[in-house]
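**Student:** Mind looking over this structure? Questions follow.
Residue numbers (this note's numbering), protein chains in the order written: chain A, 1 to 258; chain B, 1001 to 1258.
Printed below as a string of structure tokens:
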């Protein structure tokens, strides 16, 4: 499994992906899932991929390696929508090849991805490209897109993230979302790769790998757990439960002997 | 979809279920999913059911209505394990009938359930009965069991719930777990039914339906959102992002015109 998250706030765009892959619990490895398709000024294109690794690497190869029958290259795309169309074609082709090779019984769901970046001026944009190649674009109403193991990390986003959230705060919330997902699902794990593209022209794009020894993430995770426990403790208990005397001494086998 | 949660702490047992059922987004209704199979002194048996409503009602009927070829009734079960076996048989039979009636293409996953209660003295016990009829029992290491739409509501349980959590605090944490699930998935909704069985002998079992106008739940949900937002704001931002000037004026069509 994988967790990929894209946030699009007024201040900029954030793409984040973990690095764990598995082909069963005894075949776990670490692969980069966040890639730059282009990082030139005026043409910044990044993808975070999930699903079959062979399909996603195949799709990447079709996008960035020369030849292979590509009608149009990403370098010629005139807008993010055109780039998303090209990426969608590559994803659809790669998944179709995988399905033909493995047959319908063995083929899993193929790969899907988040595409973020900007071509020319303007705000960065964020797309979700489905396994079938079609895509949706992130809008202000829900300023994030997720793929992979999305559910554990979603409540914190629903509650806290807004388009007005600053980019540093958005990174913080995104890391808390990953922390929740990693605690509840072993198939998501550090290191996490992230890329942040400030919306303001001229500010540099920031990339970072957050590994096992990242002091900021470790501190954030510990503080958050402590804060949640404290906050939950401070909430009023329901008044409809009577005061209870704890009974801790009863053994599980007591009933069997009764 | 449905969310059912069972918590087993030192102070007692808690079973909770929402009431929303759906057969598609235009066929939404409210059904009780938390039922008493027996509430006599010395024989308290409660189930929270999820999955096909026709299968779960069929399983219930096999358990509580006379006749229907039952070899042994719940009233004769000598332990919670025997009760779980009988409930498992009823679940397996009901799911098998549904599969035969609908055929493998139409049959969904059948029903599964949480069984909690106590027979005779001793601590209350909690079981998860799978659709196939086999079951597992809740242990101290992870003091909860979930069925249905489990993921959104799990992080708060992983972080906060411990066997030493008091029963009132456990109810509070469970309601926060439901609040998270309901915010992220429309197919889970109020009212929520709950039953709490104190471990100490002699204390009464508490049942409650928490509806749209429940003042405690509404207050808890609002406080929790505010607390989380405040707590996230108080966490330090990552130092690796430069100070950014917000750019909010750029239109989505600016790029298309560029």
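For glycine and all other residues, C-beta sits at the position ideal for the given N, C-alpha and C.
Treat the numbers as computed from the prediction; the structure is a model and nothing was measured.
Could you list which residues in chain A have their beta carbon closer than 7 Å to that of residue 1235/B, in chain order?
**Tutor:** As a working mapping, residue 1235/B is identified with position 235 in the second chain. Within chain A, the residues near residue 1235/B are 172, 220, 223, 224.
**Student:** Taking only beta-carbon atoms, is residue 52/A less than 8 Å away from chain B?
**Tutor:** Along the first chain, read from residue 1 onward, the residue named residue 52/A stands at position 52. So no, residue 52/A is outside the interface.
**Student:** Which same chain residues end up closer than 7 Å to residue 1031/B when comparing Cβ atoms and leaving out the 5 residues on each side of it in sequence?
**Tutor:** Position 31 of the second chain holds residue 1031/B. Same-chain partners within the cutoff: 1019, 1021, 1053.
**Student:** So which residues on chain B does residue 41/A lean against when the C-beta distance must stay under 9 Å?
**Tutor:** Here residue 41/A refers to the residue found at position 41 when the first chain is read from its first residue. Neighbours of residue 41/A on chain B: none; closest Cβ ~14 Å, over 9 Å.
**Student:** Less than 8 Å separating the beta-carbons of residue 171/A and residue 196/A?
**Tutor:** Here residue 171/A is taken as the residue at index 171 of the first chain, counted from 1. Here residue 196/A is taken as the residue at index 196 of the first chain, counted from 1. Yes, Cβ-Cβ distance for residue 171/A and residue 196/A is below 8 Å.
**Student:** Who are the near neighbours of residue 152/A in its chain, counting only those whose CB is closer than 7 Å to its CB and skipping five residues on each side?
**Tutor:** Start at 1 with the first residue of the first chain, and residue 152/A comes out as number 152. Excluding residues within five positions, the ones whose Cβ falls inside 7 Å are 180, 181, 184, 185.
**Student:** Please list the terminal residues of the continuous alpha helix (DSSP H) segment that includes residue 57/A.
**Tutor:** Walking along the first chain from the start, residue 57/A turns up at place 57. Residues 53-64.
**Student:** For a cutoff of 8 Å on Cβ pairs, would you count residue 1143/B as touching chain A?
**Tutor:** For the purposes of this step, residue 1143/B is identified with residue 143 of the second chain, where counting begins at 1. For residue 1143/B, the answer is no, since every Cβ of chain A falls outside 8 Å of its Cβ.
**Student:** Pick out whichever of 1211/B, 1119/B, 1059/B has its Cα sitting closest to the Cα of residue 1096/B.
**Tutor:** By 1-based counting over the second chain, the position of residue 1096/B is 96. When each option's Cα is compared against that of residue 1096/B, the closest is 1059/B.
**Student:** Which same chain residues end up closer than 8 Å to residue 212/A when comparing Cβ atoms and leaving out the 5 residues on each side of it in sequence?
**Tutor:** The residue labelled residue 212/A in the question sits at position 212 within the first chain. The answer, listed in chain order, is 190, 191.
**Student:** Buried or exposed: which applies to residue 1141/B, given that a residue is buried once 16 or more other Cβ atoms fall within 10 Å of its Cβ?
**Tutor:** Here residue 1141/B is taken as the residue at index 141 of the second chain, counted from 1. By the 10 Å Cβ count, residue 1141/B comes out exposed.
**Student:** Run the CB neighbour count on residue 1033/B, radius 10 Å, all protein chains shown included, and call it buried at 16 or more, exposed below.
**Tutor:** Walking along the second chain from the start, residue 1033/B turns up at place 33. By the neighbour-count rule (16 or more Cβ atoms within 10 Å), residue 1033/B is buried.
**Student:** Secondary structure at residue 79/A, three-state DSSP: helix, strand or coil?
**Tutor:** In the first chain, counting from the first residue as 1, residue 79/A sits at position 79. Coil at residue 79/A, not helix or strand.
**Student:** Check each residue of the segment 145-165 of chain A: if its Cβ is closer than 7 Å to any Cβ of chain B, include it; give the result in chain order.
**Tutor:** If the cut-off is 7 Å between Cβ atoms, the segment 145-165 of chain A has 151, 152, 154, 155, 158, 159, 160 near chain B.
**Student:** Kindly indicate which three-state DSSP category residue 1247/B falls into: helix, strand or coil?
**Tutor:** What you label residue 1247/B is simply residue 247 of the second chain in a count that begins at 1. Only weak support exists for where residue 1247/B lies, its pLDDT of 44 falling under 50; the value from the coordinates is given anyway. Three-state DSSP puts residue 1247/B in coil, outside helix and strand.
**Student:** Note down, one range per segment and in chain order, each alpha helix (DSSP H) of at least 4 residues found wholly within the segment 1104-1133 of chain B.
**Tutor:** Fully enclosed alpha helix (DSSP H) runs of 4 or longer: not present.
**Student:** Interface residues of chain A around residue 1180/B at Cβ under 7 Å?
**Tutor:** Within the second chain, the letter at position 180 stands for residue 1180/B. Here the neighbours are 155.
**Student:** Specify the secondary structure class of residue 1178/B as computed by DSSP and reduced to three states.
**Tutor:** Within the second chain, residue 1178/B is the residue found at index 178, counting from 1. Reduced to three states, the DSSP call for residue 1178/B is helix.
**Student:** Give the residues of chain A in contact with residue 1176/B, contact being defined as C-beta atoms less than 9 Å apart.
**Tutor:** As a first step, residue 1176/B is located in the second chain; it is residue number 176 there, counting from the start. By Cβ distance, chain A contributes 232, 235.
**Student:** Please state the DSSP three-state secondary structure of residue 3/A.
**Tutor:** For the purposes of this step, residue 3/A is identified with residue 3 of the first chain, where counting begins at 1. Reduced to three states, the DSSP call for residue 3/A is strand.
**Student:** Rounded to a whole number of angstroms, what is the C-alpha to C-alpha distance between residue 1119/B and residue 1079/B?
**Tutor:** What you label residue 1119/B is simply residue 119 of the second chain in a count that begins at 1. What you label residue 1079/B is simply residue 79 of the second chain in a count that begins at 1. Approximately 6 Å between the Cα atoms of the pair.
**Student:** Can you give me the Cβ contacts of residue 1056/B inside the same chain, cut-off strictly under 6 Å, excluding the 5 residues immediately before and after it?
**Tutor:** Taking the second chain and counting its residues from 1, the one referred to as residue 1056/B is at position 56. Closer than 6 Å at the Cβ level, and outside the excluded window around residue 1056/B, lie 1049, 1111.
**Student:** What residue from 162/A, 114/A, 44/A has the CA that sits closest to residue 6/A's CA?
**Tutor:** Position 6 of the first chain, counting from 1, holds the residue named residue 6/A. Considering only alpha carbons, the answer is 114/A.
**Student:** Please give the ranges of any alpha helix (DSSP H) in the segment 136-165 of chain A, keeping only runs that are unbroken, at least 4 residues long and fully inside the region.
**Tutor:** Complete alpha helix (DSSP H) runs here, min 4: 154-160.
**Student:** In angstroms with no decimal places, state the Cα-to-Cα distance between residue 1121/B and residue 1201/B.
**Tutor:** As a first step, residue 1121/B is located in the second chain; it is residue number 121 there, counting from the start. As a first step, residue 1201/B is located in the second chain; it is residue number 201 there, counting from the start. Cα to Cα, residue 1121/B sits roughly 8 Å from residue 1201/B.
**Student:** Please go through the same chain and pick out, in chain order, the residues whose beta-carbon is closer than 7 Å to the beta-carbon of residue 1199/B, but skip the five residues on each side of it.
**Tutor:** Counting from one through the second chain, the residue named residue 1199/B turns up at place 199. Hits under 7 Å: 1010, 1011, 1012, 1123, 1124.
**Student:** When DSSP labels each residue in this structure, what does residue 1098/B get in the three-state scheme?
**Tutor:** To locate residue 1098/B, count along the second chain from 1; it is residue 98. Reduced to three states, the DSSP call for residue 1098/B is helix.
**Student:** According to the neighbour-count rule (16 or more other Cβ atoms, all chains shown, within 10 Å of its Cβ), is residue 210/A buried or exposed?
**Tutor:** Translated into the one-based positions of the first chain, residue 210/A becomes position 210. It counts as buried.
**Student:** Answer with yes or no whether the minimum CB distance from residue 3/A to chain B is below 8 Å.
**Tutor:** As a position in the first chain, residue 3/A is number 3, starting the count at 1. For residue 3/A, the answer is no, since every Cβ of chain B falls outside 8 Å of its Cβ.
**Student:** What in chain A is Cβ-close to residue 1216/B, meaning under 9 Å?
**Tutor:** On the second chain, position 216 is the one that residue 1216/B refers to. Result: 236, 238, 239, 240.
**Student:** Is it buried or exposed for residue 1002/B, if we count other Cβ within 10 angstroms and need 16 for buried?
**Tutor:** Counted from its first residue, the second chain places residue 1002/B at position 2. Residue 1002/B is buried by the Cβ-count criterion.
**Student:** Excluding the 5 residues flanking residue 43/A on each side, which residues of the same chain have their C-beta closer than 6 Å to its C-beta?
**Tutor:** Counted from its first residue, the first chain places residue 43/A at position 43. Only 119 meet the Cβ criterion.
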